[in-house]
Every structure is written in structure tokens, then in C-alpha cells.
Amino acid sequence: MRHRTVSPGRGRGGRMQGTGGGVTRPGLSRPSAVVHELHKNDGTNPRSARGRQIASEMESLMEDVYGGAVTQCPPTSSGVDGNYARFKTSFNAAAVPRSWQHGPADANGRCFNASDRNLLCMDVYIKNKLCVVGSADHGLKVFDITTGKEKKNLYAKNYGHTEWVTCCKFFQNSGQIISGGMDSKLCLWEATGPVRCSDLLGHTGSISQVEVNNSSNIALSSGYDRTMRLWDCGGGGGRCLATLAGHKAPVMMFSWCGAQVLSGDRQGTAKMWDLETGNCLATMATKRGQIGSLWHLLHTSVGLLSVIGDQGGVVTVVDFPRTGSKPIFQDVLHPGGVVSGIRSIDETPYLVTAGADKVILTLDPRANFAEVHRFTDHRDFIYSLETFGPLVLSGGGNGWLLVHNAMTGKCCYGLGANAAAVREIFATPEHLVAAGDDGNAMVYDYM
1 MRHRTVSPGR
11 GRGGRMQGTG
21 GGVTRPGLSR
31 PSAVVHELHK
41 NDGTNPRSAR
51 GRQIASEMES
61 LMEDVYGGAV
71 TQCPPTSSGV
81 DGNYARFKTS
91 FNAAAVPRSW
101 QHGPADANGR
111 CFNASDRNLL
121 CMDVYIKNKL
131 CVVGSADHGL
141 KVFDITTGKE
151 KKNLYAKNYG
161 HTEWVTCCKF
171 FQNSGQIISG
181 GMDSKLCLWE
191 ATGPVRCSDL
201 LGHTGSISQV
211 EVNNSSNIAL
221 SSGYDRTMRL
231 WDCGGGGGRC
241 LATLAGHKAP
251 VMMFSWCGAQ
261 VLSGDRQGTA
271 KMWDLETGNC
281 LATMATKRGQ
291 IGSLWHLLHT
301 SVGLLSVIGD
311 QGGVVTVVDF
321 PRTGSKPIFQ
331 DVLHPGGVVS
341 GIRSIDETPY
351 LVTAGADKVI
361 LTLDPRANFA
371 EVHRFTDHRD
381 FIYSLETFGP
391 LVLSGGGNGW
401 LLVHNAMTGK
411 CCYGLGANAA
421 AVREIFATPE
431 HLVAAGDDGN
441 AMVYDYM
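In the UniProt record's numbering, the protein residues as written are 1 to 447.
This is the structure we're talking about:
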């Protein structure tokens with residue numbers, strides 16, 4: 001089994017008072033060098049003759065490995081307010097305690113030692129203040145974020161994953177957990193009682209992402225078998241409702257807003273889906289290869305925008321309801337590396353992007369995506385990005401977790417949240433939880 005690798009960094013141990021002093025990683029190519037080499041060899045450029053040949057060969061290989069899949073349309077739901085529409089829960093500025101502007105009660109935080117391998121995914125059950133983390137050790141652990149004590153170990157002889165756990169989510173209405181792994185299956189874990197799960201089978205490749213609709217017990221997953229699958233997780237079991245097929249490369253991620261799903265694959269193709277019908281509404285190609293991040297921005301002043309970040313630092317924005325699949329904006333915003341994260345600021349039309357160039361940008365779509373703020377405090381690759389009210393939370397490869405205010409353009413403070421890369425961040429009014437490559441989850445309390 002492959003052991004985890006970690007990048008040296010600041011590590012845990014309190015708030016950082018400055019952001020000077022970079023971290024060098026001997027023997028490791030910088031992101032810009034890697035991307036340049038890929039483009040030079042046409043490996044991510046499907047517009048060149050060599051790129052088209054590689055794409056064709058990869059498609060043939062995928063057919064041999066995973067087989068062909070066809071779209072299976074979902075059962076009819078009850079329309080706009082039906083089972084499939086999903087919307088993000090937002091936090092307005094007034095709901096974020098003032099202490100978030102200044103830092104946690106204890107900058108050293110509370111550590112939960114989950115594994116000696118990388119933590120690859122995380123989610124929080126807000127009502128019961130529980131956190132679940134999934135690891136490269138094939139298991140998941142649930143712990144109480146108020147005490148740091150383990151509650152459950154979701155790994156048993158007859159239940160669970162046999163490979164790395166790549167994604168996990170709580171159903172906030174029931175406490176059930178759904179997890180996905182490199183073993184091609186999803187596990188639906190019971191909220192109470194003994195450690196037990198139902199296997200949701202259908203994917204034939206590693207699971208890359210899973211998201212849930214808490215109002216209807218519906219889950220959506222994507223995988224390396226080039227499909228997305230819709231699942232009914234109610235009633236204690238789990239059955240596949242629909243299969244969305246059409247990608248020619250592994251589906252790496254998706255964004256789900258309302259009944260619209262935006263998916264992206266390793267070859268650099270994005271597709272727009274209507275989840276109510278199962279129809280593919282549009283297919284778009286990125287400018288510079290593999291997709292690194294996706295997001296939906298929904299605001300009354302700009303409508304519903306679909307945002308795509310690619311491996312070459314290009315951000316592409318599509319206003320599909322109004323102008324179809326033709327981009328309304330496309331530019332290199334993070335030169336020399338992948339766009340690693342895209343989010344939006346609640347109650348505003350602002351868009352936030354982060355990249356391998358260690359930069360975070362706040363953009364205004366109303367002014368042709370003009371730069372509002374540029375944050376350059378990170379000293380390593382930005383691996384994770386979340387927003388909480390007006391705050392931007394970002395995790396770096398050196399273990400730094402920085403908190404910026406998107407309204408004032410200031411860096412509020414930093415935390416040494418990991419001994420390696422910070423992969424996951426989750427915020428509630430009372431707690432900040434972070435997890436990453438050192439196998440630990442850190443909890444910070446806010447008054």
C-alpha cells in the first residue's frame with residue numbers, strides 16, 4: 001500500500017503573526033513547470049493534432065476499462081420544488097459572530113488524531129456537532145467536535161470500503177453518512193446502532209465526488225467511469241434513480257445548483273445537465289486542459305452563472321439561462337497553474353477564485369469580473385477554499401489556514417492548522433474544522 005506523502009510546513013501550534021518566509025520543497029516541480037511540460041507535450045491540448053490523437057486513444061482505453069454507459073433518465077419529480085432541486089445554505093454577515101473577525105478563543109485548537117494516512121474528505125453534522133473524516137487508510141471516523149472524542153469507527157470486517165475513501169457527506173436531516181471510495185462503491189451508513197452500511201453499486205470506477213440534497217434524501221455522485229449517478233437514499237437502503245453519461249474522460253467534479261448540474265472531466269470538457277430530465281443541455285471545452293474547479297454563482301443582480309477553472313489558470317464563466325454555452329468571460333486569472341478553488345460570497349454577487357499561483361482573487365461580475373481584492377499572503381499552493389459570510393477561508397500546502405475579509409480586503413489572521421496540506425475546511429458560527437495530509441482534524445472554537 002502506498003504511504004502518504006506530506007509537504008513540510010509551519011505545522012500546528014497557534015496563530016501566525018506574519019506571512020513571510022516561504023516553504024521550499026526540494027525535488028518537487030512547481031505547478032507552473034508541470035503545466036508547461038504538459039502543454040509542450042500536447043497532453044492537455046485537444047486542439048492540436050497530437051492532443052486529438054491522445055484524446056482518441058484515451059477514449060478507447062476508457063471504453064475497454066470501464067465499458068460504455070448510457071443515460072438513464074430520472075423518474076419524474078414534482079417540478080421546480082421537486083425532489084431534485086438543491087440549493088446552498090447561505091450565511092449572511094449578521095449571522096457570523098464578531099469573534100470570527102479576530103480569531104478563535106484558543107489559537108492552538110483541539111486536535112483529533114484520525115489516521116496515520118492522509119485525510120481526503122470531511123463533513124460536519126451541524127445539529128449534533130459531529131464530524132466525519134475519510135482517509136487513505138480505507139476507513140472513516142466520526143468524532144465530537146466539542147470534545148475531540150471519537151464516536152464511531154466506520155470500518156468493519158463486513159462493512160465499508162476496501163480502498164481509499166475519497167468523499168463523504170452527512171444527510172443533515174437524518175445523520176446518515178454517504179461515502180465514496182476508490183473501490184467504485186458508495187456506502188450509506190446508518191446514523192444509529194452498530195456500524196453498518198448499505199452498498200450502493202453501479203459505478204465501475206473510483207468515486208470522485210458525492211453531494212446530497214437534505215430535503216429529499218437524494219444523493220448525486222461522479223466517478224472515473226465517466227458517469228454521474230443519482231441515488232434515492234431514503235428508506236434505509238439506496239437505489240440508483242438515474243445515470244448521466246456522455247463524458248469521454250473521468251468525471252472529476254461537479255457543481256449542483258437547483259436542478260442544474262455542471263460537471264467537469266479530466267480531458268477539460270464541461271457539461272451542463274438538467275437533473276429533472278437527465279438531459280445534457282450543453283457541452284463546453286476549457287481553454288487549457290483538465291478542469292480544476294467548478295461553481296455556481298446565484299444572485300439577483302447577475303442571475304445564475306456557471307464558473308469553470310482549468311489547469312492553465314483560466315476562469316471561464318457561462319450564463320446559460322440567458323446566453324447559452326458561449327462564455328461571457330474567459331481569461332487567465334491564475335497564470336502558471338491550476339485554478340484550485342472557486343466560491344461565492346453570500347449576500348453579494350462577488351466571486352472568489354484561488355490558484356496554484358498562491359493568489360486569491362475577489363471578482364465583481366457586474367463590472368466584467370473586475371478584480372476587487374487580491375490576496376497574496378499564502379506562501380504555498382492553495383488546496384482548499386471556502387467562504388463563511390463575508391470571510392474567505394483558505395488552506396495551503398504548508399499547513400496554513402488564512403482568514404480574509406472579502407469586503408475590506410484584509411487578512412484577518414492565520415492558523416497553523418496542519419503539519420502538511422490543508423485539504424478540507426468547514427465553518428459553523430461556533431466552530432472551524434480543518435483536516436489534511438497529516439491525518440489530523442483540527443477544531444477551533446468561536447464565542
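Just so it is clear, CB atoms sit at the ideal spot from N, CA and C, and this is done for glycine as well. The structure presented is a predicted model; accordingly, all values stated were derived computationally and were not measured.
What does the alpha-carbon distance come out to for the pair residue i and residue j?
i: PRO75; j: PRO97; result: 43 Å
i: VAL133; j: VAL372; result: 35 Å
i: ASP199; j: ASN213; result: 19 Å
i: GLN209; j: VAL433; result: 20 Å
i: ARG25; j: GLY396; result: Low local confidence applies: a pLDDT of 30 at ARG25 is under 50, so the model's placement there is unreliable, with the coordinate-based value given in what follows. Looking at the two C-alpha atoms, the distance is approximately 13 Å.
i: VAL352; j: LEU275; result: 26 Å
i: ILE126; j: ALA49; result: 51 Å
i: GLY399; j: SER384; result: 11 Å
i: ARG30; j: VAL338; result: Only weak support is given to the placement of ARG30: the predicted model assigns it a pLDDT of 37, under 50, and the value that follows is read from those uncertain coordinates. Roughly 11 Å separates the two Cα atoms.
i: SER301; j: ALA85; result: 21 Å
i: TRP100; j: TYR446; result: 7 Å
i: GLU424; j: TRP164; result: 16 Å
i: GLY160; j: SER216; result: 24 Å
i: ILE308; j: PRO335; result: 15 Å
i: THR283; j: VAL142; result: 39 Å
i: SER255; j: VAL261; result: 6 Å
i: PRO321; j: MET272; result: 11 Å
i: PRO8; j: ILE218; result: Since pLDDT at PRO8 reaches only 34, below the 50 mark, its modelled position is unreliable, and no value is offered.
i: ASP265; j: PRO194; result: 37 Å
i: residue 448; j: ARG288; result: No answer is possible for residue 448: it lies beyond the span of the chain, which begins at 1 and ends at 447.
i: THR166; j: LEU298; result: 28 Å
i: PHE388; j: ALA94; result: 11 Å
i: residue 469; j: GLY292; result: As shown, the chain starts at 1 and ends at 447. That puts residue 469 outside it, with no answer to give.
i: HIS431; j: ASP346; result: 18 Å
i: ALA427; j: SER394; result: 12 Å
i: THR5; j: ARG117; result: Here the model assigns THR5 a pLDDT of 35, short of 50, so the residue's position is not dependable and the matter cannot be decided.
i: GLY355; j: ILE145; result: 30 Å
i: ASP377; j: MET228; result: 37 Å
i: VAL359; j: TYR350; result: 16 Å
Among the options, which has the Cα closest to the Cα of residue i?
i: LEU304; options: GLY324, THR387 and GLY246; result: GLY324
i: ARG110; options: GLY416, ILE178 and ASP123; result: GLY416
i: GLY103; options: GLY414, ILE425, GLY436 and ASP438; result: GLY414
i: SER174; options: LEU188, CYS167, HIS161 and GLY181; result: LEU188
i: ASN418; options: LEU402, THR428, ALA406 and GLU430; result: LEU402
i: ALA242; options: LEU298, SER222 and ASN118; result: SER222
i: MET191; options: THR387, SER184, LYS169 and GLU211; result: First, the residue type needs correcting, since residue 191 is Ala and not Met in the sequence shown. Closest option to ALA191, Cα to Cα, is LYS169.
i: TYR224; options: CYS73, MET122 and ALA249; result: ALA249
i: ARG196; options: GLY181, LYS157 and GLY292; result: LYS157
i: VAL392; options: ILE342, GLU430 and ALA356; result: ILE342
i: LYS185; options: SER206, SER216 and ILE177; result: SER206
i: TRP295; options: THR316, ILE360 and LEU220; result: THR316
i: LYS151; options: THR428, HIS378, ALA435 and ALA114; result: ALA114
i: PRO390; options: ASP377, GLY409 and PHE381; result: GLY409
i: GLU386; options: LYS287, ALA219 and ALA406; result: ALA406
i: ALA259; options: LEU363, PHE87, ALA94 and PRO365; result: PHE87
i: MET252; options: GLY268, CYS240 and ARG239; result: GLY268
i: ALA285; options: CYS131, THR277, ALA270 and LEU230; result: ALA270
State the beta-bridge partners of residue i as determined by DSSP.
i: SER135; result: LEU119
i: ASP265; result: VAL251
i: HIS404; result: VAL392 and CYS411
i: HIS296; result: SER306
i: TRP256; result: VAL261
i: VAL142; result: VAL132 and LYS152
i: VAL372; result: Bridge partners of VAL372: none, in fact.
i: ILE218; result: ASN213 and ASP232
i: LEU385; result: SER394
i: TYR125; result: LEU130
i: THR243; result: GLN72 and ARG229
i: VAL443; result: ARG110 and VAL433
i: TRP189; result: ILE177 and CYS197
i: VAL422; result: GLY436
i: ARG98; result: Its beta-bridge partners do not exist; DSSP assigns none.
i: GLY223; result: ILE207
How far does the alpha helix (DSSP H) with residue i in it extend, from its first residue to its last?
i: ARG322; result: 320–323
For the beta strand (DSSP E) that contains residue i, what are its first and last residues?
i: ILE207; result: 207–213
i: LEU200; result: 197–200
i: CYS168; result: 165–170
i: residue 504; result: Because the chain here runs from 1 to 447, residue 504 falls outside it and cannot be looked at.
i: CYS111; result: 110–113
i: LEU275; result: Unbroken run through LEU275: none, as it is neither H nor E.
i: THR283; result: 279–285
Would you verify that the beta carbon of residue i is, or is not, closer than 7 Å to some beta carbon of chain B?
i: ALA435; result: Of the protein chains in this structure there is only one, and it is not chain B.
**Request:** Ignoring anything shorter than 4 residues or poking outside the stretch 299–363, list the alpha helix (DSSP H) runs there in chain order.
**Result:** 320–323
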